[in-house]
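Trainee: Below you'll find the structure I mean.
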Amino acid sequence: MLFSWREAVYAFRVLCKQPLVSGLAVVSVAFGIGVNSVFFGLIDLVMLRPVPVSHPEELVRVSSISPTGTVGDDRLLLSMFQALRAGNHVFAGMFAWNDDALRNMQVGNSRFLGEVDEVSGDFFPTLGEQPLLGRWINNADVDLGSGRSALVAVLSYRCWKEHYHSDQQILGRTIIVDDVPLIIVGVTKPNFSEIDMDVTSDAIVPIGFAQTGSKGGWYNVTSRLKPNVSLNQARAELAILWPGILARTAQPTMSPESRRRYFSRRIELTSQLRGDSSLREKYSEPLLMLMSLAGMILLITCVNLACMTLGRTLSRSPEFQVRLALGASRWQILRLVLLEAVLISFAGSVIGAAAAFWSTRLLINLFWTGFVSPGLRMTMDTRVLVFMVGATFLTAILFGLAPAIRVTVVSPSAVSQYHSGTAIGRYKIGKGLITIQVSLAFVLVTAALLFATTLHGLRSVDLGYDRSNVLVMTLFRQSQRGQIPNTTNYYHQLAIQLLKNPSTESVSYSQSGPAFNFEIPTSVSAAGVTVSALSDSVGPEFFHLLRVPLLAGREFGWQDDEMAPRVGILSDSLASRLFPHEDPIGRKVDFGQNASGQGLTIVGVVRDAGFWKPQTQHPMAIYLPLMQACSGCSPLALIRTGANPMLIAHVSEHTVQAMGYQYSVRTQSLEDRFNKMLVVQRLSSWLSVAFGGAALLLTCLGLYGLISYVVHMRYREIGLRVAVGATRANVIFLVLCDALLVVVTGMLLGVAIGWPGSLVLANKYANISHNVFSGMLCASLILLVTTFLAGYLPALGASRVDPASVLRSE
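Here you go:
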């Protein structure tokens, strides 16, 4: 064994003799390892964790890619799926699924909004999972031809626990989904995960359970490769099958253009080892960036503890000299010092790991914006366990190595000569450690300033619309009623009812709404010019409500319904691009590829407004009348008020429900919606500021300890200087200059470390580019102030040295 039991007991007793110092060391390690464990756990959840099924490396996604699409974006028709399933020889299993359905669910008298997945009969067998209770949905339950499948459902463990209180007699009972009663035939295990890693559905049902005729639907398709079949072999076979499948599944009623686009689709296979995750695409880069900052915090913690442990080790030099004189080897003493570091690191790691599990769930809830609970669960898998164990021992080595090295230079012959004024007074190892600590703190403080100023810039930028005093309601259909019979009349009447509230000034609607945080560019053509532009379908008075100036023409009105001619409104930049030096009012444009978007008449031009993302401040955009493209839609209702919009939230929700067709699944102010859109930037800013503050605190403590120790070691030198005429100001200046040299060296090293990273951030985030120099300048000033605060008290104490007592001791 590297350490004996007796050595461990002795090291523990030594640490207990200094409970305050040991406690601070444990807390410091707990903070450093806990922060790193949180972000590594999130990286593991979002980026590294495979689908928790047997042999996840065999799972592949089958995609039908349009000429303008990307791999994994396009789904397959059920007819394509059936043809592929029947004709391939490379898949051991294949299933179709749909995971983006929010539905009204009812258990007894309790109604709630839930996530429902529609699957084909091979879903569960292909994943190779077993139910906790009952059975799975099978091929006998699913009729892909007529869309009249069995009325059965498999509940998720979460839904079974929350809404049925873990009733063991659940099988055969009923759950209502969109007014369709379904017989519960099974319950999933607690750790069961579907292909979508972000969300755990409440219920899994057969495709076509609502008897809507699903034959023409587009679905995700996942397959499991047969053993010893590679991805390239599967691609080669599907490439041969694909032309025939397209020919068999093409509808004879297709127009020539639609037929051309249909036959230009290609088949592609991609690995689904880690499933689907929108969070992975959105948060991978911020998590890696925050993980690197957290790693710097751990390094600073280790350096700070190394300084603390080194000072304690130097004070024990007489003990170690006696041990060496009595026959102990240097290796035994070095092991003793390292063992103390291991015990501190282990205790801190246990506390940090416990805090990490709680903090990870908190962070997931902070950045989650979905309507149902996230499916991410922090678990102690192999990667997280290896990381924590590795971090524990790495931390012990990092902050225990310097004291251990210092022990090896202790000489047993110096027992009688040991004196506090020996050559160790210059404390070179400690100065080197503090220099590293200052350089890392400089990088963290600079990052904190950059992200904070970037967030402030995004929040304060003029996006071209007014988001104050606006209430946003996300509408969703009530399950008791069918489709709205007359969409235009319904939303017109709803607007009239909402306007009856004295605080309400105006009401409008939007398909995506402001602060959408997603951009889908579409082609817009006119007079031989084709450009890419953003789009939204909006209701009457939309621009008036958001106070976007109308530059020409008119806004949409209630007369722009399905029976009226197709019209559109252009942003100023798009109008200038399509019709330079011409009046666009009355001109025709083509929007997208659908027939409904061809030949739109332009009736208005509005000022550019960044409704989608704050980073895109002046996008080219085209707006369509919501009433011409809203059959069965559930838009956002926008309400401008004269005061705090949340004061009328309850009344407005009741008004919508009283209309009988819809209710609000989420009611929030537009300001809150905008802030939620910036959740990545906000968390990055908050956490980087917290890291920067922690780094400053640790650096301040380290500097204070260093300067205090150096002053103690130079006590006689300072006394002699005072005796020969040095003033108190001279002594304070001497001590602060010594600290300043260390800090300036650390800052220069920090510039060398941080400058490349700042350039990377500047390329990634445009708002950061012009703040890099000012951020580094401010970080330098902050560290100089920190140096003064950390060094002034020890310097003041040094200036009060009594030269007479020093001379007497000499």
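Residue numbering for the sequence shown follows the working numbering, beginning at 1 and increasing consecutively. Ideal Cβ placement from N, Cα and C applies to all residues, glycine included. Being a predicted model, the structure only gives us computed values, none of them experimental.
Going by the beta-carbon positions, is the gap between residue 26 and residue 533 smaller than 7 Å?
Mentor: Walking along the sequence shown from the start, residue 26 turns up at place 26. Walking along the sequence shown from the start, residue 533 turns up at place 533. Not closer than 7 Å, so no.
Trainee: Helix, strand or coil: which one does DSSP assign to residue 405?
Mentor: On the sequence shown, position 405 is the one that residue 405 refers to. Helix.
Trainee: Grouping DSSP H, G and I as helix and E and B as strand, with all else coil, what is residue 431?
Mentor: Counted from its first residue, the sequence shown places residue 431 at position 431. In this structure, residue 431 counts as helix in the three-state DSSP scheme.
Trainee: Can you find at least 3 beta carbon pairs, one from the region 735 to 745 and one from the region 788 to 798, that sit closer than 8 Å?
Mentor: Verdict: yes, contact present.
Trainee: Inspect the beta-carbon positions of residue 698 and residue 509 and report whether they are closer than 7 Å.
Mentor: In the sequence shown, counting from the first residue as 1, residue 698 sits at position 698. In the sequence shown, counting from the first residue as 1, residue 509 sits at position 509. Not closer than 7 Å, so no.
Trainee: Residue 34 by DSSP, collapsed to three states: which one?
Mentor: To locate residue 34, count along the sequence shown from 1; it is residue 34. Here residue 34 sits in helix by DSSP.
Trainee: Let's see if you can read the secondary structure: which residues bound the beta strand (DSSP E) around residue 86?
Mentor: Numbered from its first residue, the sequence shown carries residue 86 at position 86. From DSSP, residue 86 is part of no beta strand (DSSP E) but of the alpha helix (DSSP H) over 78 to 87.
Trainee: I'd like the span of the beta strand (DSSP E) that includes residue 220, first residue to last.
Mentor: As a first step, residue 220 must be located in the sequence shown, where it is residue number 220. Start and end: 218 to 225.
Trainee: Label residue 59 either buried or exposed according to how many other C-beta atoms from any shown protein chain fall within 10 Å of its C-beta, with 16 as the threshold for buried.
Mentor: Counting from 1 along the sequence shown, the entry for residue 59 is found at position 59. Residue 59 comes out buried.
Trainee: Verify whether the separation of the beta carbon atoms of residue 472 and residue 673 is less than 7 Å.
Mentor: Counted from its first residue, the sequence shown places residue 472 at position 472. Counted from its first residue, the sequence shown places residue 673 at position 673. In contact: residue 472 and residue 673 (Cβ atoms closer than 7 Å).
Trainee: With respect to the alpha helix (DSSP H) encompassing residue 677, which residues constitute its N-terminal and C-terminal limits?
Mentor: Numbered from 1 along the sequence shown, position 677 holds the residue referred to as residue 677. It spans 670 to 677 - the alpha helix (DSSP H) in which residue 677 sits, taken as one unbroken run.
Trainee: Please state whether the Cβ-Cβ distance between residue 297 and residue 691 is less than 7 Å.
Mentor: As a working mapping, residue 297 is identified with position 297 in the sequence shown. As a working mapping, residue 691 is identified with position 691 in the sequence shown. In contact: residue 297 and residue 691 (Cβ atoms closer than 7 Å).
Trainee: Taking the straight line between their C-alpha atoms, what separation do you get for residue 5 and residue 90?
Mentor: Mapped onto the sequence shown, residue 5 falls at position 5. Mapped onto the sequence shown, residue 90 falls at position 90. Between residue 5 and residue 90, the C-alpha separation is close to 58 Å.
Trainee: Give, in chain order, every unbroken run of the alpha helix (DSSP H) that is at least 4 residues long and sits entirely within the region 557 to 603.
Mentor: If we require 4 residues or more, the alpha helix (DSSP H) runs fully inside the region 557 to 603 come out as 572 to 578.
Trainee: Using C-beta distances below 6 Å, list every residue in its chain close to residue 422, excluding the 5 sequence neighbours before and after it, in chain order.
Mentor: On the sequence shown, position 422 is the one that residue 422 refers to. Its pLDDT being 42, under 50, residue 422 is placed unreliably by the model, and nothing is read from it.
Trainee: Quick one: residues in its chain with C-beta nearer than 6 Å to the C-beta of residue 14, no 5 flanking neighbours on either side, listed in chain order?
Mentor: Along the sequence shown, read from residue 1 onward, the residue named residue 14 stands at position 14. So the list is empty, once near-sequence residues are dropped.
Trainee: Determine whether the beta carbon atoms of residue 445 and residue 707 lie at a separation below 7 Å.
Mentor: Mapped onto the sequence shown, residue 445 falls at position 445. Mapped onto the sequence shown, residue 707 falls at position 707. Against a cut-off of 7 Å, the Cβ pair of residue 707 and residue 445 comes out as no contact.
Trainee: Alpha carbon to alpha carbon, what distance is there between residue 466 and residue 671?
Mentor: As a first step, residue 671 must be located in the sequence shown, where it is residue number 671. As a first step, residue 466 must be located in the sequence shown, where it is residue number 466. Computed Cα separation, rounded: 10 Å.
Trainee: Could you give the DSSP three-state label for residue 254: helix, strand or coil?
Mentor: Against the sequence shown, residue 254 aligns to sequence position 254. Residue state, collapsed to three classes: coil.
Trainee: Terminal residues of the continuous beta strand (DSSP E) containing residue 477?
Mentor: To locate residue 477, count along the sequence shown from 1; it is residue 477. Element bounds for residue 477: 470 to 477.
Trainee: Return the bridge partner residues of residue 134 from the DSSP annotation.
Mentor: For the purposes of this step, residue 134 is identified with residue 134 of the sequence shown, where counting begins at 1. BP columns for residue 134 point to 186.
Trainee: So what does DSSP say about residue 139, is it helix, strand or coil?
Mentor: By 1-based counting over the sequence shown, the position of residue 139 is 139. Residue state, collapsed to three classes: helix.
Trainee: When you compare only the Cα positions, how much space is there between residue 753 and residue 238?
Mentor: Start at 1 with the first residue of the sequence shown, and residue 753 comes out as number 753. Start at 1 with the first residue of the sequence shown, and residue 238 comes out as number 238. Straight-line Cα distance between these residues: approximately 50 Å.
Trainee: I need the straight-line Cα distance from residue 383 to residue 47, nearest angstrom please.
Mentor: Within the sequence shown, residue 383 is the residue found at index 383, counting from 1. Within the sequence shown, residue 47 is the residue found at index 47, counting from 1. Rounded to the nearest angstrom, the two C-alpha atoms are 12 Å apart.
Trainee: What number of angstroms, rounded off, separates the C-alpha of residue 276 from the C-alpha of residue 536?
Mentor: For this step, residue 276 is matched to residue 276 along the sequence shown. For this step, residue 536 is matched to residue 536 along the sequence shown. Going by the C-alpha atoms only, they are around 27 Å apart.
Trainee: Looking at residue 313 and residue 345, is the spacing between their C-beta atoms short of 7 Å?
Mentor: Numbered from its first residue, the sequence shown carries residue 345 at position 345. Numbered from its first residue, the sequence shown carries residue 313 at position 313. It is not a contact, given that the beta carbons lie outside the stated cut-off.
Trainee: Could you tell me which of 253, 129, 455 and 263 sits nearest to residue 245, measuring between CA atoms?
Mentor: As a working note, residue 245 is residue 245 in the sequence shown. Of the listed residues, the one whose Cα sits closest to residue 245 is 263.
Trainee: So, do the region 223 to 232 and the region 298 to 306 have three or more beta carbon pairs nearer to each other than 8 Å?
Mentor: Flag = no, the region 223 to 232 and the region 298 to 306 do not touch.
Trainee: From residue 653 to residue 547, what does the alpha carbon distance come to, in whole angstroms?
Mentor: Here residue 653 refers to the residue found at position 653 of the sequence shown. Here residue 547 refers to the residue found at position 547 of the sequence shown. Their backbone Cα atoms lie some 24 Å apart in a straight line.
Trainee: How far does the alpha helix (DSSP H) with residue 114 in it reach, from first residue to last?
Mentor: Here residue 114 corresponds to residue number 114 of the sequence shown, with the count starting at 1. Premise fails: residue 114 lies in the beta strand (DSSP E), 110 to 119, not in any alpha helix (DSSP H).
Trainee: Tell me whether residue 240 is buried or exposed, calling it buried when 16 or more other Cβ atoms sit within 10 Å of its Cβ.
Mentor: One-based indexing of the sequence shown puts residue 240 at position 240. Counting Cβ neighbours within 10 Å, residue 240 comes out exposed, since fewer than 16 surround it.
Trainee: Check whether the region 475 to 493 and the region 607 to 620 touch, using three or more Cβ-Cβ pairs below 8 Å as the test.
Mentor: Touching, no, given that fewer than three Cβ pairs across the two stretches are closer than 8 Å.
Trainee: Pop quiz: residue 185 and residue 108 are said to be a contact at Cβ under 8 Å. What is the actual Cβ separation, rounded to whole angstroms?
Mentor: If you number the sequence shown from 1, residue 185 lands on position 185. If you number the sequence shown from 1, residue 108 lands on position 108. Not quite, the Cβ-Cβ distance comes to about 19 Å (not below 8 Å), so this is no contact.
Trainee: Since residue 780 is in the alpha helix (DSSP H), which residue starts that stretch and which ends it?
Mentor: Here residue 780 corresponds to residue number 780 of the sequence shown, with the count starting at 1. That run of the alpha helix (DSSP H) goes 772 to 799.
Trainee: Based on the DSSP output, what are the partners of residue 181 in its beta bridges?
Mentor: As a first step, residue 181 must be located in the sequence shown, where it is residue number 181. Note: residue 181 sits in a beta bridge opposite 176.
Trainee: Nearest-angstrom Cα distance between residue 498 and residue 485?
Mentor: Here residue 498 is taken as the residue at index 498 of the sequence shown, counted from 1. Here residue 485 is taken as the residue at index 485 of the sequence shown, counted from 1. One C-alpha to the other measures close to 20 Å.
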